[in-house]
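Residue numbers (my numbering): 39 to 238.
A virtual CB, placed ideally from N, CA and C, is assigned to each residue, including glycine.
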Amino acid sequence: MIGRLTGIAIDRGIDGCCVLDVQGVGYEVFVPLRTIARLPGPPDEVTLHVHTHVREEMLRLYGFADLHDRFAFRTMLAVSGVGPKLALAILNDLSAAEVSLAVAGADKKRFASVPGIGKKMAERLVLELKDKIPALPGMDGPLPTAAAAHANGRAGEVASALVGLGFSRGQAEVAAGKVVAEQDARPIETLIRQALATFG
Numbered sequence: 039m040i041g042r043l044t045g046i047a048i049d050r051g052i053d054g055c056c057v058l059d060v061q062g063v064g065y066e067v068f069v070p071l072r073t074i075a076r077l078p079g080p081p082d083e084v085t086l087h088v089h090t091h092v093r094e095e096m097l098r099l100y101g102f103a104d105l106h107d108r109f110a111f112r113t114m115l116a117v118s119g120v121g122p123k124l125a126l127a128i129l130n131d132l133s134a135a136e137v138s139l140a141v142a143g144a145d146k147k148r149f150a151s152v153p154g155i156g157k158k159m160a161e162r163l164v165l166e167l168k169d170k171i172p173a174l175p176g177m178d179g180p181l182p183t184a185a186a187a188h189a190n191g192r193a194g195e196v197a198s199a200l201v202g203l204g205f206s207r208g209q210a211e212v213a214a215g216k217v218v219a220e221q222d223a224r225p226i227e228t229l230i231r232q233a234l235a236t237f238g
């Protein structure tokens with residue numbers, strides 16, 4: 039099983055898939071959109087902590103910038119009805135610390151705001167993760183509320199994602215400014231797609 043990869047991100051897509059060149063071998067790795075927005079471009083290297091998912095004849099790699107996110111991803115896979123696609127969708131919008139905060143506060147609405155998660159799944163996540171995702175190491179101080187976390191630097195995150203997809207910094211900032219409202223709490227994936235639509 040592959041547990042970690044260090045290489046150069048030579049390609050990245052809006053679906054969260056990036057190609058990591060590791061000594062001449064290109065690995066397709068699916069990463070949260072929050073992470074793909076921050077991946078350095080060539081020639082800088084990046085290290086991703088990898089979860090190798092094997093199902094029947096399919097092998098897929100999921101990569102995370104830190105061990106906390108990978109831990110949260112793996113833990114969510116143990117929840118009934120949650121597969122890699124849904125766990126990744128949650129981490130598109132929430133960091134591991136925010137997942138921990140939502141679970142600790144039984145914040146079902148926060149989970150339900152993620153595309154693809156309904157009321158029942160949100161309730162199941164809170165219930166089944168209660169004793170599985172503790173307060174994360176290194177997060178001893180007060181964690182920000184979900185609204186505050188999403189308001190801070192939201193337009194910057196969208197702009198960084200667009201730059202990663204090949205747009206100039208100026209184009210990216212203009213597009214982000216058009217779709218990101220003050221105190222915007224919509225999922226980052228939604229904002230990126232809407233920003234891309236402005237180039238149509």
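Mark G45 as exposed unless 16 or more other C-beta atoms lie within 10 angstroms of its C-beta, in which case mark it buried. buried
Work out the CA separation of A134 and H106 for me, nearest whole Å. 6 Å
Touching by the beta-carbon criterion (3+ pairs, under 8 Å), the segment 76-85 and the segment 46-66: yes
Which residues bound the alpha helix (DSSP H) around G202? Membership of G202 in the alpha helix (DSSP H) is indicated by the continuous run R192 to G202.
Return the first residue and the last residue of the beta strand (DSSP E) that L99 is part of. M96 to F102
Hey, how far is the Cα of V141 from the Cα of M114? 11 Å
Using only the alpha-carbon positions, how far apart do V152 and A233 sit? 18 Å
Looking at V196 and Q214, is the spacing between their C-beta atoms short of 7 Å? First, the residue type needs correcting, since residue 214 is Ala and not Gln in the sequence shown. Contact flag set, yes.
Select from A219, V218 and G194 the residue whose C-alpha is nearest the C-alpha of R207. G194
Is the distance from the Cβ of V117 to the Cβ of L163 below 7 Å? Cβ atoms of V117 and L163: closer than 7 Å.
Between the Cα of G143 and those of R98, I52 and L165, spot the shortest distance and give me the residue it belongs to. L165
With DSSP run on the structure shown, which of helix, strand or coil describes T85? strand
Taking the C-alpha atoms as reference points, what is the distance between F111 and L99? 12 Å
So what does D49 bridge to, in DSSP terms? Residue pairing of D49 in beta bridges, as defined by DSSP: V57.
With DSSP as the reference, please indicate the residues paired to G64 in a beta bridge. D59
List the whole-angstrom C-beta distance separating I226 from N130, where the pair is believed to meet the contact cut-off of C-beta under 8 Å. 6 Å
Limits of the alpha helix (DSSP H) - the one that V218 falls within: Per DSSP, V218 belongs to no alpha helix (DSSP H) and is neither H nor E.
Check whether the Cβ atoms of K146 and A125 lie closer than 7 Å to each other. no
Counting only the same chain and skipping the five closest in sequence on each side, list residues whose C-beta sits under 8 Å from that of R72. Cβ contact annotation for R72 (same chain, cutoff 8 Å, sequence separation greater than five): L129, N130, D131, S133, E195 and I226, in chain order.
7 Å Cβ shell around A210 - same chain, five flanking residues per side excluded: So the qualifying residues of the chain are A197, L200 and V201.
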